[in-house]
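I have placed the structure first, in the form of structure tokens, so that the comments after it can refer back to it.
In my numbering, the protein residues as written are 21 to 680.
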């Protein structure tokens with residue numbers, strides 16, 4: 021990892037300033053209070069954001085400003101990365117707003133926590149570094165010198181820091197969790213032991229249930245046999261009942277047929293009586309009709325009509341002659357009265373002859389007048405005769421019709437007589453089956469017997485049902501007891517298993533965790549001590565004898581006597597703190613091989629209180645480190661000669677600036 025640019029806007033004493041860094045060693049030089057450490061805080065904030073109790077917004081945002089920002093540009097694994105974090109003043113403090121991550125020109129807008137997690141992943145730190153706020157970056161890359169001195173002076177903070185950095189505290193957590201788990205296991209064991217009680221009593225109860233099942237099975241078998249026997253008896257009785265029912269149905273059918281035959285007989289008898297009456301009526305009518313045509317002229321109507329025509333012709337001729345004679349008589353009478361002809365006016369000279377002719381004409385007319393009534397009477401007689409003859413013809417047709425009806429009625433009467441004879445024969449035959457009292461009585465006896473068998477079967481089935489229900493109840497109870505027995509056995513096995521786990525955790529696992537923790541701590545402490553003594557030997561030569569004990573505390577011997585850290589001179593304390601810091605960085609980089617900040621180191625005032633000779637030794641340390649990039653903060657003028665690049669910081673009118 022190599023930091024290239026830091027851009028600060030309204031961060032502490034800075035208004036807007038860009039700091040350009042280069043590979044190799046870079047010294048941030050300036051007077052005390054000029055703003056050098058602010059750049060380091062800005063780097064820390066850009067990478068990891070706020071840390072509760074350590075770094076908050078009010079520590080960063082310039083007084084009197086509502087907004088501020090830090091942009092950090094660096095190279096990592098061949099990629100150019102830019103981080104932008106923004107600050108905003110609100111009523112209750114300063115808030116970290118939405119952030120920006122740019123990787124090779126690709127922009128991502130992230131929430132502060134998302135950016136911190138993403139960067140931790142990119143830098144190779146484990147996920148719990150961010151979640152648990154472990155200070156690996158601070159102690160592997162950047163630690164304020166005063167913070168390192170604080171660790172050296174305070175044992176509790178020192179051990180807690182070491183455990184946190186090297187993830188050794190997980191063993192203590194494991195032991196604590198194991199002890200909590202032991203409490204839970206003891207509770208579980210008591211529960212299992214309580215559940216395992218009364219197992220023998222449950223076994224005895226199961227034996228009693230098995231004996232009860234045998235007795236109920238016997239009752240069930242007897243009931244089932246009785247039901248089977250009653251079922252067979254009912255089948256036989258039912259067959260007899262069916263036979264009787266069929267016989268009764270046949271008898272009912274015969275009765276219906278007999279009733280139908282009798283009804284038919286009555287209908288035909290009524291019809292026969294009606295026919296007899298009809299025949300008698302026909303005979304009476306025939307006699308009347310024959311009487312009506314008795315004495316009727318037996319000539320044909322055609323002959324009579326012929327005589328009528330002849331008489332009518334003669335009658336017309338006589339009428340015509342009478343008319344002519346009448347005219348002649350009137351004419352002659354007038355001629356005789358007047359003596360001359362009215363037409364020609366001729367005088368009658370022979371009146372006697374004329375009188376004779378008049379009398380002859382008058383006699384002829386009188387004869388005709390006598391003949392005409394006789395002829396008319398004859399015509400009337402002939403007309404009456406033809407009327408009688410037509411009536412006789414109608415009567416004859418009626419007689420024929422009556423005779424035909426009579427013949428048909430007589431034929432139907434003969435048919436009815438034969439049918440009545442056959443019906444009577446059928447009635448006589450059907451009458452033989454009319455008596456069914458004995459059959460019906462037998463049917464009632466069979467029905468009563470079947471009803472009794474059904475009642476007995478119902479009682480037997482109830483007994484079977486009760487037995488089956490009892491068996492089901494016993495089976496459920498037995499299943500329940502067997503389940504309880506199995507649960508108690510399982511509880512007993514579980515209690516033994518939990519007891520074994522208790523013993524193993526108490527006697528093996530927890531001591532093992534303590535041993536592992538000690539071994540890990542011993543290994544880290546040994547390696548840490550080697551690195552510490554190496555760096556301290558460069559810084560202090562043989563002036564002091566210092567080693568790191570198992571509590572990671574420096575044991576200082578001076579002139580054969582153990583002395584305390586706070587009793588040393590300022591330069592000696594700074595040298596021990598720097599050696600401690602470099603040893604810690606080396607161990608972290610050695611043990612945690614995933615982190616990608618191994619080639620970056622930031623030192624804040626590492627030479628406070630150093631003599632000129634000690635400052636020269638710092639140059640040897642920097643050369644020995646041989647890192648890709650080192651950022652140093654110091655107000656010592658001599659340090660300028662030790663760095664490859666120098667960034668000079670000065671403050672003007674309360675505003676920090678970078679000298680150009």
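Even glycine gets a Cβ: it sits at the ideal position worked out from N, Cα and C.
- With a cut-off of 8 Å on Cβ pairs, the region 106-123 is not in contact with the region 634-644, counting fewer than three such pairs.
- Distance from the CA of residue 496 to the CA of residue 227, rounded to the nearest whole angstrom, comes to 14 Å.
- When C-alpha distances from residue 623 are compared across 535, 56 and 33, the shortest belongs to 56.
- In terms of CA proximity to residue 61, 32 leads the group 44, 86 and 32.
- Annotation: the continuous beta strand (DSSP E) that includes residue 115 extends over 113-116.
- The region 465-484 makes no contact with the region 269-277: fewer than 3 CB pairs, one atom from each, lie closer than 8 Å.
- Taken through DSSP and simplified to helix, strand or coil, residue 245 comes out as helix.
- In the three-state scheme derived from DSSP, where H, G and I count as helix and E and B as strand, residue 531 is classed as helix.
- Rounded to whole angstroms, the gap between the alpha carbons of residue 520 and residue 182 is 35 Å.
- For residue 650, there is no enclosing alpha helix (DSSP H); the enclosing beta strand (DSSP E) covers residues 649-654.
- Here residue 578 carries a strand assignment [DSSP, helix/strand/coil].
- Under the three-state reduction of DSSP output, residue 42 falls in the coil class, being neither helix nor strand.
- CA-CA distance, residue 186 to residue 641, rounds to 25 Å.
- Of all alpha-carbon atoms in 58, 279 and 42, the one lying nearest the alpha-carbon of residue 446 is that of 279.
- Three or more beta-carbon pairs drawn from the region 322-338 and the region 379-396 are found closer than 8 Å, and the two stretches are therefore classed as touching.
- The secondary-structure analysis by DSSP pairs residue 264 with nothing; it has no beta-bridge partner.
- Exclusion of the five residues before and after residue 575 leaves 567 and 569 as the residues of its chain whose Cβ lies within less than 6 Å of its Cβ.
- Taking 9 Å as the cut-off, the Cβ atoms of residue 30 and residue 77 do not count as close.
- Classified as buried, residue 603 has 16 or more neighbouring CB atoms from the shown chains inside 10 Å of its CB.
- Within the same chain, 28, 31, 32, 33, 34 and 676 come within 8 Å of residue 58 by CB-CB distance, once the 5 residues on both sides are set aside.
- Judged by DSSP in its simplified three-state form, residue 585 adopts helix.
- Three or more pairs of CB atoms, one per stretch, sit closer than 8 Å, so the region 658-673 contacts the region 45-56.
- Using a C-beta cut-off of 8 Å, the region 525-537 makes no contact with the region 545-565, since fewer than three inter-stretch Cβ pairs fall below that distance.
- Residue pairing for residue 91: DSSP places it in a beta bridge opposite 27 and 104.
- Taking C-beta atoms under 8 Å as the contact rule, residue 375 and residue 356 qualify, at a distance of about 6 Å.
- Taking 9 Å as the cut-off, the Cβ atoms of residue 477 and residue 240 do not count as close.
- For the 9 Å CB-CB criterion, residue 578 and residue 565 form a contact.
- When Cβ pairs closer than 8 Å are counted between the two stretches, the region 212-220 is seen not to touch the region 483-497, the count staying below three.
- The residue among 124, 127, 200 and 118 with its C-alpha nearest the C-alpha of residue 134 is 118.
- Per DSSP, the unbroken beta strand (DSSP E) holding residue 672 starts and ends at 665-672.
- Straight across, the Cα-Cα distance linking residue 202 with residue 208 is about 9 Å.
- Residue 211 and residue 514 have their C-alpha atoms spaced approximately 10 Å apart.
- For residue 68, same chain residues with a beta-carbon under 6 Å away, outside a window of 5 residues either side, are 136 in chain order.
- In the three-state reduction of the DSSP assignment, residue 351 falls in the helix class.
- Around the Cβ of residue 64, a 10 Å sphere holds 16 or more other Cβ atoms; the residue is buried.
- Just so you know, the alpha carbons of residue 436 and residue 285 end up roughly 9 Å apart.
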